[in-house]
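The structure under discussion appears below in the form of structure tokens.
Residue numbers (the numbering used here): 5 to 497.
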């Protein structure tokens, strides 16, 4: 490395690297001299002017050993920073000192060399058994299916609900339900003063509710294959107005498709349960009260409806305009589906040791996505979970972080194997584009060297994906999107 430090490395399990760093005697002496000068400027002693305290007085006042400890602390900090910034080593996270500080303090003497034993994570090298000439099965959308889906979603969004005089919930009803968790600290009564936000009709609307702590009241469409709360829909069908059920108790009944346990569990079922969506697990520990029932009234898909919700005079004109937009969307979604299927196939046979520091970085993104998903389902992302739920949520997020990291490393392995490169002009352009997306304060905090490394790695993954798409075969089967009556939306009263 380009310094007076001498570094010997040796690999360790879990993508870690052991480093033996020899700090030469000259550097130790320079660190001592610099620290002593700083102390002479900052120490205040009676009889001496500030900044004019002689070295002998400082040593006598603080003690030689204490001064050496101060020198060693700064020396360790400076050395670690320099080693971490060495591009050739490409270290991740923080350096961990393997020797105790007390032992080093006993060894350290100005004018003598010092050996530091450290460890750090390094970016792992993934091994792929095969990555070309693969047959990749993938499902793709069609424009016509998606067009029908969008039209039904618009129809559903423009619908209204009216109360009905019935006491038993049936499939097709709109149920007014109150959901609560046992871990909440506040009363279960819904807060009638809070207003619900409305969602775009083009996507599955977020559950809109009146939220008090861990307690919520919302409208829930009882439809087959509910996209958000299928388990809760199955539970509510057959309930009577005013009835309350514990979700976990009902789903444990024999014959229920979403059961969590029982004598019919196959071996390994308990481990499989750890992979369940933690938000579903969260719902499983709550209770549902059926407060009332409504009927949803859907408008007709005719020219009048087209004029009401669009700028077009006829349904035919509106469909043509939507179809042109959806062609772009379908191409993008189908491309994403192909890429997901391809990289997932690579990861199945990939061998790699994942370093903890990279997993922790991925966990930050997964945790933020988890919070967003909670909000999308109308749940408070800051809910107080009991120990069991918290453990399941963390296990789910940990698995997702591993999956995301494996995908990135698989693409990096392809880029390395095929010796893909990034031109300097392309790298500079992407770095400038990224800086433009940040405010000036954020941009100043970025380490320019690490930013270029990050951007270059991202570009290489893009190039690897393009290479994979060109050198593998996709077996496509068409899939249909869910029609609007089965969107599983939850709305305000």
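For each residue, glycine too, the CB sits at the ideal point set by N, CA and C.
I need the straight-line Cα distance from residue i to residue j, nearest angstrom please.
i           : j           : result
residue 191 : residue 219 : For residue 191, the predicted model reports a pLDDT of 42, less than 50, meaning its position is unreliable; a value from the coordinates is still stated below. Spanning the two alpha carbons is a distance of roughly 8 angstroms.
residue 399 : residue 444 : 37 angstroms
residue 426 : residue 460 : 7 angstroms
residue 239 : residue 251 : 7 angstroms
residue 449 : residue 436 : 15 angstroms
residue 185 : residue 98  : 40 angstroms
residue 170 : residue 161 : 24 angstroms
residue 464 : residue 183 : 47 angstroms
residue 422 : residue 481 : 30 angstroms
residue 67  : residue 107 : 19 angstroms
residue 210 : residue 364 : Reliability fails at residue 210, whose pLDDT of 35 lies under 50, so the model's placement of it is uncertain and the value that follows must be treated cautiously. Going by the C-alpha atoms only, they are around 29 angstroms apart.
residue 224 : residue 154 : 20 angstroms
residue 103 : residue 395 : 34 angstroms
residue 61  : residue 89  : 37 angstroms
residue 291 : residue 179 : 15 angstroms
residue 55  : residue 36  : 18 angstroms
residue 273 : residue 432 : Its pLDDT being 39, under 50, residue 273 is placed unreliably by the model, and the measurement read from it follows with that caveat. Whole-angstrom Cα-Cα distance: 51 angstroms.
residue 254 : residue 424 : Its pLDDT being 43, under 50, residue 254 is placed unreliably by the model, and the measurement read from it follows with that caveat. Those two C-alpha atoms are separated by around 55 angstroms.
Which one of the options has the shortest CA to CA distance from residue i?
i           : options            : result
residue 34  : 58, 72, 138, 159   : 72
residue 306 : 438, 159, 290      : 159
residue 78  : 176, 143, 470, 112 : 112
residue 29  : 291, 117, 415      : 117
residue 15  : 468, 298, 454, 127 : 127
residue 326 : 157, 236, 452      : 157
residue 413 : 36, 132, 104       : 132
residue 405 : 8, 362, 451        : 362
residue 149 : 331, 221, 17       : 331
residue 31  : 7, 90, 124         : 7
residue 503 : 431, 378, 50, 226  : Given that the chain is displayed from residue 5 to residue 497, the structure contains no residue 503 and the question cannot be resolved.
residue 244 : 221, 308, 177, 228 : 177
residue 302 : 20, 473, 135, 163  : 163
Nearer than 7 angstroms: is that true of the beta carbon of residue i relative to any heavy atom of the ligand MN?
i           : result
residue 365 : As presented, the structure is devoid of all ligands, the ligand MN included, so that no description of it is given.
For residue i, I'd like the list of residues in its chain whose CB is within less than 6 angstroms of its CB, leaving aside the five on either flank, ordered along the chain.
i           : result
residue 23  : 11, 13, 122
residue 322 : 310, 314, 316
residue 80  : none
Since residue i sits in a beta bridge, which residues does DSSP pair it with?
i           : result
residue 164 : 301
residue 475 : DSSP output for residue 475 lists no bridge partner at all.
residue 227 : According to DSSP, residue 227 bridges with nothing at all.
residue 234 : Answer is none; residue 234 lacks a bridge partner.
residue 182 : 221, 293
residue 527 : Only positions 5 to 497 of the chain appear in the structure, and residue 527 is not among them; the question remains open.
residue 250 : 291
I need the DSSP call for residue i, collapsed to helix, strand or coil.
i           : result
residue 480 : strand
residue 21  : strand
residue 112 : coil
residue 42  : helix
residue 400 : helix
residue 56  : coil
residue 139 : strand
residue 355 : strand
residue 50  : coil
residue 12  : strand
residue 426 : coil
Excluding the 5 residues preceding and the 5 following residue i in the sequence, name in chain order all residues of the same chain whose CB lies nearer than 7 angstroms to its CB.
i           : result
residue 59  : 40, 44
residue 349 : 138, 140
Measure from the C-beta of residue i to each C-beta in chain B and report whether the shortest distance is under 8 angstroms.
i           : result
residue 441 : Given the protein chain composition of this structure (a single chain), no chain B is represented.
Apart from the five residues just before and just after residue i, which ones in its own chain have a Cβ nearer than 8 angstroms to its Cβ?
i           : result
residue 333 : 150
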